[in-house]
Amino acid sequence: MKLGGWSNHTGKNGDLYDYNENHKGFGFEASWAWKKSSFGTRAGFWLMNDSNNNRQTNVGIGLYKRWQFKKTLMEAIDLNISLDYIRHTDRVKNFYTKKTVSIEQMSGFIIYPYMTYHFTKNIHADFMYLPKKLSGLTVNVFFWRLGYRF
Numbered sequence: 009m010k011l012g013g014w015s016n017h018t019g020k021n022g023d024l025y026d027y028n029e030n031h032k033g034f035g036f037e038a039s040w041a042w043k044k045s046s047f048g049t050r051a052g053f054w055l056m057n058d059s060n061n062n063r064q065t066n067v068g069i070g071l072y073k074r075w076q077f078k079k080t081l082m083e084a085i086d087l088n089i090s091l092d093y094i095r096h097t098d099r100v101k102n103f104y105t106k107k108t109v110s111i112e113q114m115s116g117f118i119i120y121p122y123m124t125y126h127f128t129k130n131i132h133a134d135f136m137y138l139p140k141k142l143s144g145l146t147v148n149v150f151f152w153r154l155g156y157r158f
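Here the sequence shown is numbered in the working numbering, starting from 9 and rising by one per residue.
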């Protein structure tokens, strides 16, 4: 289970827009470790309020590589690559004034990397950085959320 979702927006270039940074998200993810390997597969579903405070839906699949640790402050770290179908809103800005002209519904596929930090066997956090050039967004976004494994 995934909960929360908090972000920070950078690369605004004079943009004074008040981005939503508390996303109030909820989702589920299942993962399957490959036999005799530190690799695995994931599939998930995620709902949240996007940066414009409108509903965002993600459905995705991905791969991960896990590093297990013993006798440290963490259980494991995963490096993930995910392919998601995203439905969200983005702002259309005036080129000269940088002011928002409209907010439009958008949807499509995105591939992005992220890291999962496992504090314990059951509690973890996902961290991701989405540069605007990679994501097609109008700003760079650093995002994180909490997770609990049943």
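Glycine is no exception: its CB is placed at the ideal position from the N, C-alpha and C atoms. Owing to the predicted nature of the structure, the values given are computational and were not obtained by experimental measurement.
Hey, would you say residue i sits closer than 7 Å to residue j, going by beta carbons?
i	j	result
K79	F47	no
V147	H17	yes
W42	N30	no
G68	S39	no
G35	W54	yes
Q64	H96	yes
Identify which residue in the options has its Cα closest to the Cα of residue i.
i	options	result
M123	L24, D98, L154, T105	L154
S115	H126, I94, N130, K106	I94
L81	Q113, H132, G52	H132
K20	I111, E112, P139	P139
What are the residues that DSSP puts in a beta bridge with residue i?
i	result
K10	G35, G155
Tell me whether residue i sits in a helix, a strand or coil according to DSSP, three-state version.
i	result
K101	strand
K43	coil
K129	coil
Taking its Cβ as the centre, do 16 or more other Cβ atoms sit within 10 Å of residue i, making it buried, or is it exposed?
i	result
M3	Nothing in the structure corresponds to residue 3, since the chain is present only between 9 and 158.
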